[in-house]
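Chains A and B, in that order, are what the protein sequence lines are.
So the first sequence is residues 1 to 331, counted in this note's numbering.
So the second sequence is residues 1 to 501, counted in this note's numbering.
Heads up, the beta-carbon is just placed ideally off N, CA and C, and yes, glycines get one too.
On a predicted model such as this, the values are computed, not experimentally measured, just so you know.
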Amino acid sequence: MSTATLQQTRRPKINLAVIAPIVALVVLVLIGIAMNPNFLSFANITNVLARSAFIGIIAIGMTFVITAGGLDLSVGSMAAFVAGLMILVMNLLTENMGGGLPVILIGVALALFAGLAAGFINGILITRAGIEAFILTLGTMGIYRSLVTWLADGGTLSLGYEMRELYRPVYYGGIMGISWPIIVFAALAILGEIVMRHTAFGRHCAAIGSNEKVARYSSVAVLRVRLMTYVMLGLLVGIAVVMYVPRLGSASATTGLLWELEAIAAVIIGGTLLKGGFGRVWGTVVGVLILSLIGNLLNLTDFVSPYLNGAIQGVVIILAVVLQRNTGTAR
Amino acid sequence: MTSPVLALEGVTKSFGPIEILHGVDFALHPGEVHALIGENGAGKSTTMKILAGYLDPTGGQVTFDGKPIRFAGSDEAEDRGIIMIHQEFNLAEHLSVDQNVFLGRELRRGPFLDHKSMRARTAELLSQLECRVDPATPVNQLSVPDKQMVEIAKALSRKARVLIMDEPTAVLTGRETEVLFRQIERLRAEGVAILYTSHKLGEVKRIADRVTVLRDGTMIRSDRTTDVTEDDMAAAMVGRELSDLFPAKVGGGADAILEVGGVSVPGVVEGASLSLRKGEVLGIGGLVGSGRTELAEAIAGLRPRSGTVRLKGQELPPNQVAHAMRAGLAYLTEDRKGAGLLLDKTLRENLTLPLLETFGRPLIDRGREEAALDRAIDDFAIRAPERGMAVGDLSGGNQQKLLLAKTLLSDPEVVIIDEPTRGIDIGTKQQIYTLIAKLAAEGRSIIVISSEMPELIGLAGRVIVMHAGRIAGELAGDAVTEGNIVRLAMGMDDNKEDSAA
C-alpha cells in the first residue's frame with residue numbers, strides 16, 4: 001500500500017483510526033494464510049486484485065465525491081448502462097464496417113464519453129438545480145438501470161464473438177502476469193492519492209465538505225469543484241466499464257448491481273468521513289481490498305458459508321463507521 | 001453573607017500534559033450576580049464548563065450546597081438546577097421555538113404531548129423577555145438576537161438555582177440587553193445564583209455584584225463591583241496598564257479607490273452608495289440587521305446585487321468573489337466560525353485556502369505553505385500551542401488573528417472588516433486596532449463594520465450609518481459621536497435624505 005505519511009492533521013491519539021484499516025487488512029491476510037496455503041498464491045492474489053479493480057476504480061472517484069460532501073448512488077446502474085451502450089454500438093459497427101481495432105477504439109471512446117456525460121448530468125443537476133445528491137442519484141440510478149434493461153430488451157447484450165476475442169486481452173492480458181485492470185487500478189489510485197493530497201482541487205474538495213460556506217467565502221469555486229467531482233467519477237465509471245466488458249463480453253439488467261454500495265462502503269472503511277471534509281484515496285484502496293478479501297476467504301475456506309459474505313461485509317462496514325465516530329469527532 | 005450554593009475549591013484542569021487552570025477558587029452565592037472576566041484563553045469557558053458539569057476537574061473539588069460533588073454530566077447538573085446558556089446556540093434549528101424551549105422536558109397530557117400548554121407557557125416566557133416572536137416559528141427563521149432570547153427563555157423555563165451565562169449580550173442590541181438585565185435582576189431577587197461573563201466591562205460594572213478576574217488560568221482578584229473601576233478590571237485582565245486603546249488615526253488621500261453606486265440587494269439593502277479613499281478607514285455603523293453585512297457581502301461579490309461597484313475605476317461583476325479578490329478587494333466575515341475558518345482543519349490549510357493556486361501548480365508546495373504560516377504567526381502574533389492543531393481548538397482571539405492573516409494573504413488594497421473584534425479580549429482588540437491603523441498607514445483602504453460605538457469612533461475618520469437597508473447618513477470629523485451614530489441608526493435623523501431613491 002501507499003505508505004503516504006501517517007502524520008495526519010489530527011493529534012497523535014487518533015492514529016488508531018488512521019491505521020485501523022491497514023490492521024484489518026493485515027489480519028485478513030494472516031487469517032487467509034493460516035486457513036489455506038493457496039491463499040498467497042500468485043493466481044489467487046491476482047484474481048482477487050483483478051476482480052477488485054472495477055469497484056476500486058469507481059471507489060477512487062467516489063472518495064472525491066464524498067469528501068466534497070456529496071454522494072452518488074447511480075454508479076452501478078451507470079456502469080451497466082454504459083456497458084450496454086458500448087456493446088450495442090460495437091455490434092452495430094461490426095455489422096456495418098466489419099470488425100477490427102477501430103471498432104474497439106470507438107467503443108472505448110464511447111464508453112469514456114458516456115461515463116463523462118452521465119457524471120456531468122448528475123453534477124450539473126446537483127450543483128445548478130440544487131437537487132439533493134442522494135435523491136438525484138437515486139433517480140438517475142433507476143433511470144440507467146431501466147435504460148439498460150430496455151436496451152437489452154430484458155435479456156442480455158452480448159458482444160459478437162470476433163470482437164470478444166479481439167478485446168479479451170484488455171482484461172486477461174497484462175505485463176509480467178499482472179493483468180491490465182490491476183495496472184490501471186494501481187496507476188489511478190496513485191494518481192488519485194496525489195490529486196487528493198497535493199493539489200488545490202483535492203484541498204478544495206475537503207474544504208467544501210468541511211464547511212461549504214467557509215469555502216465559498218474563501219473564494220473557492222464551490223459549484224465548479226463539486227461538478228468536477230461528479231464528472232471525474234463518471235469518467236472513472238467509463239474506465240471501469242472499458243476494463244469490465246472484455247471480461248464477460250456482455251451486459252444485462254443485473255450488471256453492476258450494488259456496485260454503488262460496495263464503492264461507498266470501501267470509501268467509508270478506508271477512513272473517509274461520510275459527511276465529507278476529510279478523505280484519503282489510499283484508505284479507499286485498502287477498503288476495496290478488505291471487502292474483496294472477505295469474499296475470497298469465504299470461498300477458500302469451509303468454516304463459514306460463502307452465502308454469509310454480505311453479512312460479514314456488513315459487520316465490517318458498521319465497525320468502520322463506529323470507529324470513525326468514536327475517534328474522528330471526539331472532543 | 002449566605003453560604004455558596006456552588007463553588008470551586010482549588011480546582012485545576014489539564015488537557016493532556018498542559019494545565020490550563022491552576023488552583024481556582026470561585027463561589028456562587030444565592031441572590032448574587034458574579035461576573036467572571038478575563039482575556040480569551042484565560043480559562044473562563046473551562047471554569048464554566050466545570051461548574052455546569054460538562055467537564056471534570058483534574059484536581060481540587062466542586063461543592064454543591066457545601067458538600068463535595070462530582071457530576072456525571074451536564075444532565076445531572078441540570079437536574080440539580082444548574083443551567084448554562086452557551087455562547088454558541090444549542091437549538092434544534094428545524095424545530096419551533098416552543099419545541100426547543102421544552103426539548104427533552106415536554107409537557108404531557110396522558111401519553112400525548114400537551115402542545116397547547118407548552119405554546120402558552122413559551123409565549124408567556126417570551127413576553128417576559130419582551131421578545132415578539134411567535135412560539136410556532138421554526139428557530140432557523142429567527143435572527144441571531146432572537147435566538148439568544150429563546151436560549152434565555154429555555155433557561156428561565158426551568159427551576160434554575162444557578163444560571164451560568166456565557167457572554168449573553170455579545171449578539172444583543174442595547175435595548176435587548178436592557179431587557180435581559182431586568183430578567184437577571186428579577187432572578188437575582190428570587191435568590192438565583194448567577195454567573196455572568198462578558199467582554200463589555202461597562203455591563204459588568206452595571207449588573208454584577210462581584211467580579212472575579214482570571215488570567216492565564218489563575219485567579220487574579222475578586223472584588224465587590226463597587227470597589228473597582230473598569231480600568232482596574234481591564235488592567236487586571238491584561239496584566240498591564242492599557243495605554244490608549246486606539247492608535248492615532250491616519251488621514252486618507254484624496255483619490256477614491258472604491259466607488260459603490262446604488263447597490264441594492266433584494267429585501268435587505270436599497271440603493272446604497274459610498275466612496276472610499278486611498279489610505280482611509282471608513283466606518284459603517286447601524287443596528288444588527290440594518291443591512292451592513294449584506295452591503296459588504298454584495299460589494300465583495302458574495303451576494304447577487306444590482307448597482308455598480310468600481311475598484312480603481314474597474315467595474316467588479318456581481319457575485320464573483322474570486323474576481324473581487326484578484327482585483328484587490330478582500331472581505332473579512334463577521335461569522336468567524338460559520339463562514340471564516342474550517343474549524344476541523346489546521347492553521348496552514350486555513351491560511352492558504354483562498355490562494356491555494358498560487359502555492360504551486362499542479363502540486364501544492366508544502367514548504368511555501370509552511371513559510372507563509374511562519375510569516376503569519378510572526379506578523380499577527382498568533383499563539384498556537386501546536387502548529388498542527390485544529391483551528392477550532394484555538395482561542396477566539398487567535399482565530400480572529402488567523403482569519404485576518406488569511407484575508408490579507410492576497411495583499412488586498414481594499415479590506416472590508418466586519419466586526420473586527422467580536423467576542424475577543426481587550427488585549428487582542430488593541431493588537432487588532434493597531435494592525436488596522438498600520439494597514440491604513442501602508443496606503444491600504446479599510447472599511448470597518450462594527451456594533452461597538454467606541455470602535456467606530458476610535459478607528460474611523462468617517463462613519464456611514466445604515467438604517468433598515470438604507471444609508472441613513474454620513475458623519476465626519478467631530479460629528480462622529482455616539483449620540484449622532486445612534487440617532488442615525490435608529491432612523492431618527494430626517495435632515496439627510498437617502499443618497500439614492
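Exercise. Taking Cβ positions, are G238/A and F120/A nearer each other than 8 Å?
Worked result: No, they are not a contact pair.
Nearest-angstrom Cα separation, counted from L138/A out to V204/B: Linking V204/B to L138/A through their CA atoms gives a straight-line distance of about 56 Å.
query = Taking the alpha helix (DSSP H) that E95/A falls in, what are its first and last residues?
reply = Its alpha helix (DSSP H) spans residues 75-97.
_Just checking: is the beta-carbon of G261/B within a distance shorter than 8 Å of some beta-carbon in chain A?_
Not closer than 8 Å to any Cβ of chain A, the Cβ of G261/B fails to qualify, so no.
Check your understanding: Does DSSP put K67/B in a helix, in a strand, or in coil?
Key -> K67/B falls in the strand class under three-state DSSP.
- Task: Can you tell me which of the three DSSP states S198/B falls into?
- Result: Coil at S198/B, not helix or strand.
Notebook entry, point to check: Going by alpha carbons, who is nearest to V101/B out of S157/B, E78/B, G66/B, R215/B?
Noted result: The residue among S157/B, E78/B, G66/B, R215/B with its C-alpha nearest the C-alpha of V101/B is S157/B.
So is V133/B in contact with chain A if we call contact Cβ pairs under 8 Å? For V133/B, the answer is no, since every Cβ of chain A falls outside 8 Å of its Cβ.
D75/B, DSSP secondary structure in three states: D75/B falls in the helix class under three-state DSSP.
- Task: Could you list the residues in the segment 222-249 of chain A with a C-beta less than 8 Å from some C-beta on chain B, going in chain order?
- Result: Those would be none; no residue qualifies.
key: C-beta atoms of A193/B and H29/B nearer than 8 Å   = Yes, the pair counts as a contact, with Cβ atoms nearer than the cut-off.
Integer Cβ distance of E294/B from V268/B, believed to fall under 8 Å: Right, the Cβ-Cβ distance comes to about 4 Å (below 8 Å), so this counts as a contact.
Output yes if chain B places a C-beta closer than 8 Å to the C-beta of T63/A; else output no. So no, T63/A is outside the interface.
- Query: Does DSSP put M233/B in a helix, in a strand, or in coil?
  - Reply: Correct three-state label for M233/B: helix.
Chain B contacts made by the segment 253-279 of chain A, where a contact means CB separation under 7 Å: Result list: G277.
*asked:* Short of 6 Å in beta carbon distance, which residues of its chain neighbour F64/B, apart from the five on each side in sequence? Order them along the chain.
replied: Here the set comprises L6.
Original post:
Which first and last residues belong to the beta strand (DSSP E) in which R221/B is found?
Top reply: R221/B -> beta strand (DSSP E) spans 218-224.
Would DSSP call K154/B helix, strand or coil? In this structure, K154/B counts as helix in the three-state DSSP scheme.
Practice task
Give, in chain order, every residue of the segment 197-210 of chain A whose Cβ lies closer than 8 Å to some Cβ of chain B.
Solution key: For the segment 197-210 of chain A, which is checked against every Cβ of chain B, the residues closer than 8 Å are H198, T199, A200, R203, H204, A206, A207, S210.
Quick check on R310/B: does DSSP put it in helix, strand or coil? Strand.
(message) In the DSSP output, what is E9/B paired with across the bridge?
(response) E9/B pairs with Q61/B.
- Item | Stretch-stretch touch, CB-based, cutoff 8 Å, three pairs: the segment 249-262 of chain B with the segment 271-287 of chain B | Yes, they touch.
| query | Taking DSSP as the reference, what is the three-state secondary structure of E315/B? | reply | Three-state result, E315/B: strand.
Residues in the segment 291-321 of chain A having any Cβ partner in chain B nearer than 9 Å
Here the close residues number zero.
Would you verify that the beta carbon of S219/A is, or is not, closer than 8 Å to some beta carbon of chain B? S219/A counts as touching chain B.
Item to complete: Would you kindly check if the distance between the Cβ of A59/A and the Cβ of V267/A is under 8 Å?
Response: Closer than 8 Å, so yes.
With 8 Å set as the bound, which would you pick, yes or no: does the beta-carbon of K345/B sit closer than that to a beta-carbon of chain A?
The beta-carbon of K345/B is placed less than 8 Å from the nearest beta-carbon of chain A.
Check whether the Cβ atoms of V321/B and I299/B sit closer than 8 Å, and answer yes or no. Cβ distance not < 8 Å, so V321/B and I299/B don't count as in contact.
Practice prompt. Can you grab the Cα-Cα spacing for the pair S52/A / L8/B, in whole Å?
Written response: S52/A and L8/B: Cα-Cα distance of roughly 59 Å.
Note to self: I'd like to know if the segment 442-449 of chain B and the segment 360-367 of chain B are in contact, where contact means that at least 3 CB-CB pairs between them fall below 8 Å.
What the structure shows: No contact exists between the segment 442-449 of chain B and the segment 360-367 of chain B.
Span separating the alpha-carbon of R119/B from that of L332/B: Distance between the alpha carbons of R119/B and L332/B is about 40 Å.
Worksheet item: Which residue comes first and which comes last in the beta strand (DSSP E) that contains F26/B?
Response: Segment 18-28, the beta strand (DSSP E) holding F26/B.
* To do: Within the same chain, show all residues whose beta-carbon is closer than 7 Å to that of A468/B, passing over the 5 residues directly before and after it, in chain order.
  => The residues are S290, G491.
Item checked: Same chain only: Cβ atoms within 7 Å of N398/B, ignoring 5 sequence neighbours per side -> Here the set comprises I382, R383, A384.
Item to check | Closer than 8 Å at the beta carbon, the chain A residues around T333/B | outcome: Under the 8 Å cutoff, chain A gives Y217.
* Asked: So L214/B is in the alpha helix (DSSP H); what residue range does that whole segment cover?
  -> L214/B -> not in any alpha helix (DSSP H); beta strand (DSSP E) instead, spanning 210-215.
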